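Taking my numbering, the leading residue of the sequence shown gets 55, the next gets one more, and so forth.
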Amino acid sequence: MAELKDLTKRSESYSQWYNDLVLKADLAEQSPVRGCMVIKPYGYAIWEKMQRILDDKFKENGISNAYFPLLIPKSFLSREAEHVEGFAKECAVVTHYRLKNAEDGSGIIVDPAAKLEEEMIIRPTSETIIWSTFKNWIQSYRDLPLRVNQWANVMRWEMRTRLFLRTAEFLWQEGHTAHATREEAEEEAQTMLHVYNDFANNYMALPVIMGVKSANERFAGALDTYTIEGLMQDGKALQCGTSHFLGRNFAKAFNVQFVNKENNLESVWATSWGVSTRLMGALIMTHSDDNGLVLPPALAPIQVVIVPIYKNQEQLNTIDSKVAELTAELKSLGISVKYDNADNRRPGFKFADYELKGVPVRLVLGARDLDNGTIEVMRRDTLEKETRPIEGICQYVQGLLDDIQKNLHKKALDMRIANTRSVDTYEEFKTEIEKGGFILAHWDGTPETEELIKNDTKATIRCIPYGDFDQTPGTCMVTGKPSARRVLFARAY
Numbered sequence: 055m056a057e058l059k060d061l062t063k064r065s066e067s068y069s070q071w072y073n074d075l076v077l078k079a080d081l082a083e084q085s086p087v088r089g090c091m092v093i094k095p096y097g098y099a100i101w102e103k104m105q106r107i108l109d110d111k112f113k114e115n116g117i118s119n120a121y122f123p124l125l126i127p128k129s130f131l132s133r134e135a136e137h138v139e140g141f142a143k144e145c146a147v148v149t150h151y152r153l154k155n156a157e158d159g160s161g162i163i164v165d166p167a168a169k170l171e172e173e174m175i176i177r178p179t180s181e182t183i184i185w186s187t188f189k190n191w192i193q194s195y196r197d198l199p200l201r202v203n204q205w206a207n208v209m210r211w212e213m214r215t216r217l218f219l220r221t222a223e224f225l226w227q228e229g230h231t232a233h234a235t236r237e238e239a240e241e242e243a244q245t246m247l248h249v250y251n252d253f254a255n256n257y258m259a260l261p262v263i264m265g266v267k268s269a270n271e272r273f274a275g276a277l278d279t280y281t282i283e284g285l286m287q288d289g290k291a292l293q294c295g296t297s298h299f300l301g302r303n304f305a306k307a308f309n310v311q312f313v314n315k316e317n318n319l320e321s322v323w324a325t326s327w328g329v330s331t332r333l334m335g336a337l338i339m340t341h342s343d344d345n346g347l348v349l350p351p352a353l354a355p356i357q358v359v360i361v362p363i364y365k366n367q368e369q370l371n372t373i374d375s376k377v378a379e380l381t382a383e384l385k386s387l388g389i390s391v392k393y394d395n396a397d398n399r400r401p402g403f404k405f406a407d408y409e410l411k412g413v414p415v416r417l418v419l420g421a422r423d424l425d426n427g428t429i430e431v432m433r434r435d436t437l438e439k440e441t442r443p444i445e446g447i448c449q450y451v452q453g454l455l456d457d458i459q460k461n462l463h464k465k466a467l468d469m470r471i472a473n474t475r476s477v478d479t480y481e482e483f484k485t486e487i488e489k490g491g492f493i494l495a496h497w498d499g500t501p502e503t504e505e506l507i508k509n510d511t512k513a514t515i516r517c518i519p520y521g522d523f524d525q526t527p528g529t530c531m532v533t534g535k536p537s538a539r540r541v542l543f544a545r546a547y
């Protein structure tokens, strides 16, 4: 039990606390392949819930799933210059197609005679391979819009990695759509951004800020990148999802044209959009505490755990019988429940373990409770315990799960609001950015000023935010030149 609770405190080292938590809560671990991770069953169960919810939302929006090759011919990447430049330093390259035994018996070597005529890139993202395919699927305006999504893994070579937040290989979904008009494509990009915003707020209990990226920060090859940005407990921002309006860049690069209603040939308009297992990192860092993981009920693999307290088999049999009734009723309400009556772990160990794993509600039932018609209830978000009548407990738990979901969102929103500040001068900005959080400040709109701020302070423009943010014109805090409105700065993961 000591090992389960032996977490570094956030106040001592937020980074170490995060690493400890990922490992001790059985979410993931380092793999033998440098920079890659093993997602363990409990961590993958959370990702599966995210995946299932998002997949349903995509399908509600008319998106179909497909699958495209892992390997991309190098020449495909070369066709869109800005795109290849954006990913060139992160690409893993396949150069040979065969191994053989070394003649001196020293082991397996790459067969030099098996060199590929053209090198293959392990996909860092799939725009190029998908647009080469779309060329075959699109001939007429009747083939549009074409809207597909792919659940896949991608490879972006990383030397400094961190479980879930930045790994060389990670899991994600990438949506790719083709449209007859610019307006349709831009609307699609915005629609998917709002799907991500809804998922973050209502399922992850993460109050993100929506906005558009600056030119320096947009996706390589996009005309506009829209983003949702979250604020973690340590005051750093995390980009949680992006949606890109690609214009006609990829359509022109791969000659994807259609005959319009006027019988003229024109290039299609495109979008792409995606979220990844980075959302797991966002979930951990938004809600968890010094006792371990805290999961919003909407994404918890186990929403309720029931632990029995007993002295002998006879008591356990009686408790088992009552718990069978409770479990059936909870499941009928759509609540996932686990009854842990294993006899190889003491109750105290179980309490610590489920607390560490972030199970939202714990019910404890003993022989004395049964006699009294009561049951102990603990909620993970506040660690509050109470004794309740066992009659009607399932409906009470259902309401409690809703309350926990709302409370986690409110707590995260209150934290974000308390750590979002406006500044007017560059000196003030440099002082405030050291404290962490979101800073709203005026910027003259030039990449040069943006780069200067980044080099000076390690802060980047997270987005030009939508919503109820100050949109009054002013003057740039650095150059004094006119600024259309305040933008959102932060140091980020």
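Backbone N, C-alpha and C define an ideal beta-carbon position, used for all residues, glycine too. Please read all numbers here as calculations on a predicted model, not as lab measurements.
A Cβ-Cβ contact shorter than 7 Å links G295 with V329. Within the stretch 252 to 289, the complete beta strand (DSSP E) segments at least 3 residues long are 263 to 266, 278 to 285, listed from N- to C-terminus. Counting of Cβ neighbours within 10 angstroms places D407 among the buried residues, the total reaching 16 or more. R272 counts as buried, since no fewer than 16 other beta carbons sit within 10 angstroms of its beta carbon. Per DSSP, the beta-bridge partners of Q293 are E283. With fewer than 16 neighbouring CB atoms inside 10 Å of its own CB, D165 falls in the exposed class.
V322 and E283 have their C-alpha atoms some 30 Å from each other. Counting only unbroken stretches of 4 or more residues, the alpha helix (DSSP H) elements lying wholly within the stretch 453 to 488 are 480 to 487, in sequence order. Per the coordinates, the alpha-carbon of I487 lies some 11 Å from the alpha-carbon of A546.
Restricting attention to E134, K404, T428, P351, the CA atom closest to the CA of L380 is found in T428. Cβ atoms of A234 and Y195 come within 8 Å of each other, at about 5 Å. When DSSP states are grouped into helix, strand and coil, A354 belongs to the coil group. In the three-state scheme derived from DSSP, where H, G and I count as helix and E and B as strand, K411 is classed as coil.
Of the candidates T179, I507, H230, T215, H230 places its Cα closest to the Cα of F112. Taking one beta carbon from each stretch, the stretch 147 to 154 and the stretch 167 to 181 have 3 or more pairs nearer than 8 Å; the two touch. The shortest CA-to-CA distance from P350 to any of K411, F492, N317 is the one to K411. Taking the C-beta atoms as reference points, I515 is found nearer than 7 Å to F543.
For Y96, the closest alpha carbon among the candidates F405, D397, Q357 is that of Q357. Sequence-distant Cβ neighbours of T441 in its own chain, meaning closer than 6 Å and more than five residues away, are T428, E430. A Cβ-Cβ contact shorter than 7 Å links S132 with V138. Contact between T511 and K535 does not hold, since their C-beta atoms are separated by about 19 Å, which reaches or exceeds 8 Å.
Excluding the 5 residues flanking it on each side, N461 has same chain C-beta neighbours closer than 6 Å at D435, in chain order.
Annotation: the continuous beta strand (DSSP E) that includes A146 extends over 146 to 150. A distance below 7 Å between beta-carbons, with the five flanking residues on each side excluded, links N395 to the following residues of its chain, in chain order: P362, L370, D374. If you look at K439, you'll find it in the beta strand (DSSP E) that goes 439 to 443. For T325, the enclosing beta strand (DSSP E) starts and ends at 323 to 330. Judged by DSSP in its simplified three-state form, W71 adopts helix.
In the DSSP assignment, I176 falls within the unbroken beta strand (DSSP E) covering 169 to 176. Per DSSP, A382 is one residue of the alpha helix (DSSP H) stretching across 367 to 386. S342 and S67 have their C-alpha atoms spaced approximately 14 Å apart. Secondary structure note for T231: its beta strand (DSSP E) is the uninterrupted segment 223 to 233. Bridge pairing for C517: L542 [DSSP].
Spatial neighbours of Q193 in its own chain (CB-CB distance under 8 Å, excluding positions within 5 residues in sequence) are listed in chain order as F312, V313.
Between A307 and E134, the C-beta spacing is below 7 Å. For T182, the enclosing alpha helix (DSSP H) stretches over residues 181 to 191.
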